Amino acid sequence: MSTDLFCEIISGERPATLVSSDEVAISFLDTRPVFKGHVLVVPRVHVETLSDLGDVGPFFERVQAMARAVEEGLQAGGTFVAVNNRISQSVAHLHVHVVPRNKKDGLRGFFWPRTTYDSAEEAASYAGLIAKAL
Numbered sequence: 032m033s034t035d036l037f038c039e040i041i042s043g044e045r046p047a048t049l050v051s052s053d054e055v056a057i058s059f060l061d062t063r064p065v066f067k068g069h070v071l072v073v074p075r076v077h078v079e080t081l082s083d084l085g086d087v088g089p090f091f092e093r094v095q096a097m098a099r100a101v102e103e104g105l106q107a108g109g110t111f112v113a114v115n116n117r118i119s120q121s122v123a124h125l126h127v128h129v130v131p132r133n134k135k136d137g138l139r140g141f142f143w144p145r146t147t148y149d150s151a152e153e154a155a156s157y158a159g160l161i162a163k164a165l
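Below you can see the structure in the form of structure tokens.
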């Protein structure tokens, strides 16, 4: 079994601000979000890349639901959904970024400026809004 950061979050060894969790995937807030409410959707099974994931359907149903929940829960105009395979993949465990977007939010191309939450309570409030919309 791998001991990457996401496997540690899945096993409960490392804390995360959870948004959703089931037998297929776990979703939590990125600790260095592009915009507040930036969620990572991670398969429970350890695979490094999208190519390594067997049946993608159940996992991407979770990604689709999360994109909808981020928009609804945060009243975002849309979402940016992205997967890095190896290059720019900071953790060698498949994960999908679901980033809330609004017109004129300043995001340009593939340059992803990062921000932080002011507190654990603020992070939890974003997670709660998104989870409520699931």
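In our numbering, the protein residues as written are 32 to 165. No residue lacks a Cβ here, since even glycine has one placed at the ideal position from N, Cα and C. All figures in this text were calculated on a predicted structure; none of them were measured in a lab.
Exposed or buried, which one is Ile40 when buried takes at least 16 other CB atoms within 10 Å? Taking every protein chain shown into account, the CB of Ile40 has 16 or more other CB atoms within 10 angstroms, so this residue is buried.
Would Ala107 and Leu165 be called neighbours here (beta carbons separated by less than 8 Å)? The answer is no: Cβ separation not under 8 Å.
Is it the case that the Cβ atoms of Arg93 and Val72 are separated by a distance below 8 Å? Yes. Within cutoff.
Can you give the Cα-Cα distance for Asp35 and Val122, rounded to whole angstroms? For Asp35 and Val122, the distance between alpha carbons rounds to 7 Å.
Proximity to Asp61 [Cα-Cα], best of Val129, Ser156, Ser119 and Gly137: When Val129, Ser156, Ser119 and Gly137 are compared, the shortest CA-CA separation from Asp61 is found for Val129.
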